[in-house]
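Counting in UniProt numbering, the sequence shown runs from 1 upward without gaps.
Ideal Cβ placement from N, Cα and C applies to all residues, glycine included.
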Amino acid sequence: MDKTNLAKFVKNLFYSIDKAWKTKINTLSLSILYMLLGFFVSTTISTIPGQTGDWGIIGAAIIVTFYERISQYTYPVNFKTNFSKMFLKRINYIKIGILYGLFVDAFKLGS
Numbered sequence: 001m002d003k004t005n006l007a008k009f010v011k012n013l014f015y016s017i018d019k020a021w022k023t024k025i026n027t028l029s030l031s032i033l034y035m036l037l038g039f040f041v042s043t044t045i046s047t048i049p050g051q052t053g054d055w056g057i058i059g060a061a062i063i064v065t066f067y068e069r070i071s072q073y074t075y076p077v078n079f080k081t082n083f084s085k086m087f088l089k090r091i092n093y094i095k096i097g098i099l100y101g102l103f104v105d106a107f108k109l110g111s
């Protein structure tokens, strides 16, 4: 049976999306986007507990626990699937963005 034009169009569309998803420039832009998301999260984490002044220790404990868990899952040598590898890389970029944002906030408070 012959394929219809709609089936050919959908197949080509998914092929081009898949091809564009696997390019290196897309990976770079996604890593920058996730780092900026982490920067935003760090700004949120550092300003909300700062309003009351008594949540600093709890916030620091949450951040350290988050960091240690992500590092525990990110840095082993073996990964089960490619999906989990990419997911953990993205979470690691968010983690790097959070750390960068906290350093920037510390420098803003110090000056």
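Distance between beta carbons of residue j and residue i, contact taken as under 8 Å
i	j	result
residue 12	residue 20	Going by Cβ atoms, the distance from residue 12 to residue 20 rounds to 12 Å, so no, they are not a contact pair.
residue 38	residue 96	6 Å
residue 42	residue 102	5 Å
Straight-line gap, residue i to residue j (C-alpha atoms, nearest Å)
i	j	result
residue 67	residue 5	50 Å
residue 15	residue 82	19 Å
residue 109	residue 28	31 Å
residue 84	residue 92	12 Å
residue 69	residue 75	10 Å
residue 61	residue 9	52 Å
residue 114	residue 56	Lying before the first or after the last residue shown, residue 114 is absent from the chain, which here runs from 1 to 111.
residue 46	residue 7	51 Å
> What are the start and end residues of each continuous alpha helix (DSSP H) run of 4 or more residues lying completely inside the stretch 6 to 71, in chain order?
Replying inline: 24 to 52
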